[in-house]
Structure formats: C-alpha cells, structure tokens
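>
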Amino acid sequence: MNDDKKCDVIQVGSRKSELALIQTKYVIQCLKEIHPKKEFEIVTMNTKGDKILDKSLPKIGEKSLFTEELELALENGSVDFVVHSLKDLPTTLPAGMALGAILKREDPRDAVVMSKKFKDKTLTTLPKDSVIGTSSLRRSAQLSRNMPHLKIENIRGNLNTRLKKLNDENGPYAAIILAAAGLKRMGWEDKISQV
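According to my numbering, the sequence shown holds residues 29 to 223 in order.
1) Can you pull the DSSP bridge partners for I62?
2) Report the rounded CA-to-CA distance for T162 versus P122, giving the unit in angstroms.
3) By DSSP's criteria, K149 is part of a beta bridge. Which residues make up the other side?
4) When burial is assigned at 16 or more other CB atoms within 10 Å of the CB, is E61 buried or exposed?
5) Can you tell me where the beta strand (DSSP E) with N182 in it begins and where it stops?
6) For A203 and S143, which I take to be in contact (beta-carbon distance under 8 angstroms), what is that distance rounded to the nearest angstrom?
7) For G215 and N186, I'd like the C-alpha separation in whole angstroms.
8) Does DSSP put E134 in a helix, a strand or coil?
9) Among the residues of its own chain, which have a CB less than 6 angstroms from the CB of Q222, if the five just before and after it don't count?
10) Compute the Euclidean distance between the alpha carbons of D196 and P64, then round it to the nearest angstrom.
11) Can you list, in chain order, the residues of its chain whose CB lies under 7 angstroms from that of H177, leaving out five sequence neighbours each side?
12) Given a cut-off of 9 angstroms, decide if M125 and E96 are closer than it, judged by their beta-carbon atoms.
13) Could you have a look at M29 and say whether DSSP puts it in helix, strand or coil?
14) Should L131 and V55 be called a contact, given that it needs their Cβ atoms to be closer than 9 angstroms?
15) In angstroms with no decimal places, state the Cα-to-Cα distance between I220 and T189.
16) Taking the alpha-carbon positions, what's the L194 to K179 distance?
17) Take the Cβ of V111 as the centre, count every other Cβ of all protein chains shown within 10 Å, and call the residue buried at 16 or more, exposed below.
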C-alpha cells in the first residue's frame, strides 16, 4: 500500500482480546453505516492489565491499566482513535483526550456462569464454601454480603481465559461472575446460568 493510500485509512486502536476486537469491529461497522467509503484498520496491542494476571485489580492500584498503551498510541499518532470499554476508563481522562462517542448500553447485569460440575445449581444452592471467581470489588462485596456461605476468589484474564479456568477439572471455581454484556457480545448467552 502506498503512503497516499495509507493516509486514507483510519487506524483504530484496540486491545487484542476477542471481546475487545468484537467491540471495535462493532464501532467500525457503525461508522461505516455513516461513512461507507472510509477504510478502517485495527491496530491491536496488549495493555498492562492484559499482562499482569497474577494480582487482583485493586492490588495493582493503577488507574489506566487497560487504557494507557492505547492512549499513548493515540497521543503519538500511531492510531486515529481508540475503542475502550467504558468501565476501563479512569474517572478523569488524560489531558488532550476526549470521549468521541458512547454506544447504546448493552445489558448492565452481572451473570453467573456455573462450572459443569454445578450446572444444575444456583448461587443460593451451591454447597458451603464453594468458590466463586470475580475480579470486581463490587461483585465481591455484594457476594460476601448476600451469599455468606460462599468463598470469593480473584480470577483474572479475558473471557476465554476465565471460562477455561472455570472448566478446569482441577480448578477451584464452582462459578464465576461476569458481565452479561460481554457474554452476549461473544454470542455466549447459553453459558449464563443466572443473572
């Protein structure tokens, strides 16, 4: 591709995870409906949050875990815009950054995905001390308060990784709690045991 042609292509920054790419492709599809002659190219990258998987998010303590590398690429002109999940953005955006658009909200509920061993159970009917995986402080607090018979443990990784950990026969998890929106975007509604 020559440089003139390359200038006409809009570079879109995205994390490498399957869910991030689905969301980025959806944004591009929406833009193509308005600007059908524009060309887009996805530029993928890993973020700190993608690389540090052995610590819970609160223990890492950094604000831009899933956004900093993408924002640096935007700042240095490697990409023209980036697509983030709104939950990953810091409360205050870095200087020079702005939200260009917020898409229609997907299902805001949390979803329980049971391991194969407990597929016929609910959170309420799980045996005492069953382990529930989540990386969310809010979900941990809600589970601790509402389901004191369960143990909550940190689980990190993208959706594919977390589901693999859940279904590991030697793994500790009876269930994991995920965003219903992410599961639906991946086409995995059938994995949801309860919301």
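The C-beta atom is built at its ideal place from N, Cα and C for all residues, glycine as well.
Bear in mind the structure is a predicted one, so any value in this text is a computation, not a measurement.
Here's the rundown:
1) Along the sequence shown, read from residue 1 onward, the residue named residue 62 stands at position 34. Answer by DSSP bridge pairing: none, since I62 is not bridged.
2) Locating residue 162 in the sequence shown gives position 134, counting from the first residue. Locating residue 122 in the sequence shown gives position 94, counting from the first residue. Rounded to the nearest angstrom, the two C-alpha atoms are 28 angstroms apart.
3) On the sequence shown, position 121 is the one that residue 149 refers to. According to DSSP, K149 bridges with nothing at all.
4) Along the sequence shown, one-based indexing puts residue 61 at 33. By the neighbour-count rule (16 or more Cβ atoms within 10 Å), E61 is not buried but exposed.
5) The sequence position of residue 182 within the sequence shown is 154, counting from 1. Its beta strand (DSSP E) spans residues 179 to 182.
6) Here residue 203 refers to the residue found at position 175 of the sequence shown. Here residue 143 refers to the residue found at position 115 of the sequence shown. Sure, about 6 angstroms apart at Cβ, within 8 angstroms.
7) Here residue 215 refers to the residue found at position 187 of the sequence shown. Here residue 186 refers to the residue found at position 158 of the sequence shown. So the two alpha carbons sit approximately 15 angstroms from each other.
8) Indexing the sequence shown from 1 puts residue 134 at position 106. Note: E134 maps to coil in three-state DSSP.
9) Counting from one through the sequence shown, the residue named residue 222 turns up at place 194. Cβ within range, chain order: V140, T150.
10) Along the sequence shown, one-based indexing puts residue 196 at 168. Along the sequence shown, one-based indexing puts residue 64 at 36. Straight-line Cα distance between these residues: approximately 44 angstroms.
11) Sequence index remark: in the sequence shown, residue 177 carries index 149 (1-based). Hits under 7 angstroms: K156.
12) Position 68 of the sequence shown, counted from the first residue, corresponds to residue 96. Position 97 of the sequence shown, counted from the first residue, corresponds to residue 125. The answer is no: Cβ separation not under 9 angstroms.
13) Translated into positions along the sequence shown, residue 29 becomes position 1. Caution is warranted here: a pLDDT of 44 is assigned to M29, below 50, making its placement in the model unreliable, and no coordinate value can be reported.
14) Position 103 of the sequence shown, counted from the first residue, corresponds to residue 131. Position 27 of the sequence shown, counted from the first residue, corresponds to residue 55. A contact, by the Cβ cut-off of 9 angstroms.
15) Mapped onto the sequence shown, residue 220 falls at position 192. Mapped onto the sequence shown, residue 189 falls at position 161. About 16 angstroms.
16) As a position in the sequence shown, residue 194 is number 166, starting the count at 1. As a position in the sequence shown, residue 179 is number 151, starting the count at 1. The straight-line gap from Cα to Cα measures roughly 15 angstroms.
17) Position 83 of the sequence shown, counting from 1, holds the residue named residue 111. V111 is buried by the Cβ-count criterion.
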